[in-house]
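Heads up: the sequence shown begins at 886 in our numbering, then just goes up one per residue. From the three backbone atoms N, C-alpha and C, an ideal C-beta is built for every residue, glycine too.
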Amino acid sequence: MGSTPQLVLQLYVSVMQKYIPPARVALMVLSLISVTYGALVCNVLAIQIKYDDYKIQLRPIAYICIILWRTLEIATRITVLVLFSTALKEWIFAVLSFDFFILFFLPWVEFWCGHSPFPENIEKSYKRFGTTIALLLISFLYAGINVFCWSAVQLLLSDRDLISKKQNWVRLFIYYFLRFMENAVLLLLWYFFKTEVYEYFCAPLVVVQLIMSYSLALIFMLLFYQYCHPCRQLFTHNIGDCLACRCWKGPHFEPAVQNS
């Protein structure tokens, strides 16, 4: 995710200057490819860690779904933040700080609420203070990733490996629901407070395109988990369970029991 700040800065400068040199376009494309590749590796690593007892082999269609999912998710998120920052510069730091601190302290809150013992086996040469610093740095990196996209490797401080090996559908749903709502709110605020920089842009079309792009990212994510995940047969619940909910079925009547 080291290329993400560079990509944000490049896009911000391009928007403010109303001009994108070919060299900057190439750098922005390379930065997006780098970030997407990192997210792809993170997804594959998470699958290998969670299902280390199985031989994992992703099909080409699975890689395509992950790449499209991550590219649309990251590109849309960065664009929304850049647009919002050009209209409300004094608020962008507050928005990012709020997101970051929530995501930073969430693993620690779960750790404290679970009354788990303090991790002691991260590194043998670390003492308690060194272990605390290492966990804080890991939490910092984890929060930074989740500000821009979903981290497939979920941090779990109570585990010896510091990684959750369960597929948490509730957390996944909450994250993307809140992120979708946040992006929509930021876009609406940008639309109402945009400056003359965007006088040559069709603002409503930009809003619709970005919302549709993020929606497409969610669709590719659902397609991956439903049809392309290498261990989808091991899921207790899947996307299809939601689509096959009883509320979508017709009424079912039990035959009446006749009394003799």
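- Inclusion of residue 916 and residue 892 in the CB contact set at 9 angstroms is warranted, their separation being smaller than that value.
- According to the DSSP assignment, residue 1073 belongs to the alpha helix (DSSP H) that extends over 1054–1078.
- Using a 10 angstroms sphere on the CB of residue 904, the tally of other CB atoms stays under 16, which defines it as exposed.
- Listed as beta-bridge partners of residue 894 by DSSP are no residues whatsoever.
- CA-CA distance, residue 1013 to residue 1002, rounds to 12 angstroms.
- Looking at the DSSP output, residue 1040 shares a beta bridge with 1048.
- The residue from 1110, 935, 948 with its alpha-carbon nearest to that of residue 925 is 948.
- The criterion of a C-beta distance shorter than 9 angstroms is satisfied by residue 1023 and residue 1040.
- Taken atom to atom, the span from the alpha-carbon of residue 1062 to that of residue 940 is near 32 angstroms.
- In the three-state scheme derived from DSSP, where H, G and I count as helix and E and B as strand, residue 1003 is classed as coil.
- Within the region 893–949, the complete alpha helix (DSSP H) runs of at least 4 residues fall at 907–935.
- In this structure, DSSP gives residue 974 a helical state, which the three-state scheme calls helix.
- Around the beta carbon of residue 997, fewer than 16 other beta carbons lie within 10 angstroms, which makes this residue exposed.
- Buried is the label assigned to residue 958, since at least 16 other Cβ atoms lie within 10 Å of its Cβ.
- With a 10 Å radius around the Cβ and a threshold of 16 neighbouring Cβ atoms, residue 894 comes out exposed.
- The DSSP-derived three-state label of residue 1034 is coil.
- The continuous alpha helix (DSSP H) containing residue 1099 extends over residues 1088–1108.
- Here residue 962 is not near residue 1076, since their CB atoms are 9 angstroms or more apart.
- Contact between residue 1116 and residue 932 is confirmed by a C-beta separation of about 7 angstroms, below the 8 angstroms threshold.
- Under a 10 Å Cβ-count criterion, residue 1053 is classified as exposed, with fewer than 16 other Cβ atoms of the shown protein chains found around its own Cβ.
- Looking from the CA of residue 956, the closest CA among 937, 1084, 1000, 1035 belongs to 1035.
- Minimum Cα-Cα distance from residue 1072 among the listed residues 1090, 1105, 921, 1015 corresponds to 1090.
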